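A quick write-up on the structure given underneath.
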Amino acid sequence: MGHAVIILLVATIAAYLILSITLGAAALWGREELKRILARGIWLAVALHTALLIARWVDSGHFPAANTFETMMLFSWILAAAYAIMQTMFQNYSLGMFVSPLAVLGLSFAFFTTNKASGLVPILKSKWLYFHVPFAFTAYAFFTLAFVSALAYFLKEYFLKVKRAPSRLKLPALDWLDTMSYRFVSMGFPLLTIAIVTGAIWSMNVDDAFWIWNPKQTWSFILWVVYGVYLHTRAVRGMRGRGTNIVLILGFVVMLITFLGVNFLSKDMHSAFFN
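Each residue of the sequence shown is one higher than the one before, counting from 4 in the working numbering.
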């Protein structure tokens, strides 16, 4: 790993960590204006993260998705960038104190894995890498944001129920959190669908079959069904609140299994992303 990559990795982790601490402190102190100012710091962290990705791409000579280090680095960047865009669009800064620690966690996980730059294994040398991976990771990022909104929903609900919330901590209204969760899933679900389709086409080139029900494909289908059920209950049945947010918690668990868990059990091309 080049020196530039090491320096940028440490700087990026530090930026997200500082953001996590300061946003949390501002929220607990009830300093809303300070929180809004600090929350914009996510763009600085994303800029450092972007430089890190570019440096790694230059250092390795390929799209950064060849091992666990690069995969976690790429996913964390998409998560942070997606949140930064959503924060700017909706002008609400309350979820940054939850998202920034997730970026720290993802990059820290990457830091302690094999980070030596190496060439792409033959199975990943495909044009479909540039379609399948970004769509899948962006879908995962939106599902993670939906999970964060669901957690904030249950935290807010608990504080309202027991009437013992930290006096200065302000979380968004339950309806707003519920609506944001729905928006995040509405953006992530079509991206997951595209990822599954492009993955099936890629599978045809590798295994001579669009669908072989390997662990990754099976869990991707389960994930698609879970979020499909969520969207159906919201859009068709009109269900809202606690029940649908529980589905989002379940969906996040299934997403973790799909994204991380099965890659260490499977021997197909997806295991190449986590070697």
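Built from N, CA and C at the ideal position, the CB exists for glycine as well.
Quantities reported herein were computed from a predicted structural model and do not represent experimental measurements.
The alpha-carbon of W227 is positioned some 35 Å away from that of A17. Boundaries of the alpha helix (DSSP H) harbouring L26: 6-32, taken from the DSSP string. Residue environment analysis places Y185 among the buried positions, since at least 16 neighbouring C-beta atoms fall within 10 angstroms of its C-beta. The beta carbons of Y86 and I45 sit about 7 Å from each other, so the pair counts as a contact at 8 Å.
Annotated as distal: V107 and Y233, with beta-carbon spacing of 7 Å or more. The beta carbon of S223 sits closer than 6 Å to the beta carbons of I199, T261 from its chain, once the five residues preceding and following it are set aside; these are given in chain order. Here the alpha carbons of A30 and L37 stand approximately 9 Å from one another.
The straight-line gap separating the alpha-carbon atoms of I21 and F78 is approximately 20 Å. With at least 16 other beta carbons inside 10 angstroms of its own, P175 counts as buried. Counting every other CB atom within 10 Å of its CB across the protein chains shown gives N70 a total of 16 or more, marking it as buried. Listed in chain order, the non-local C-beta contacts of P67 below 7 Å within the same chain comprise L56, R59, W60, E73, M76, L77, local neighbours out to five positions each way being set aside.
Going by DSSP, N248 is part of the alpha helix (DSSP H) stretching over 245-262. Note that the C-beta distance between V229 and V256 is not below 7 Å.
For the pair Y156 and N266, the CB atoms are not nearer than the 7 Å cut-off.
Taking 7 Å as the cut-off, the Cβ atoms of A153 and L195 do not count as close. Taking L177 as reference, the option from Q90, G244, A50 with the minimal CA-CA separation is G244.
Between the C-alpha atoms of V49 and L82 there is a straight-line separation of about 10 Å. A straight-line Cα-Cα distance of about 19 Å links S23 and F145.
Taking a 10 Å sphere around the C-beta of K219, we find 16 or more other C-beta atoms and assign the residue as buried.
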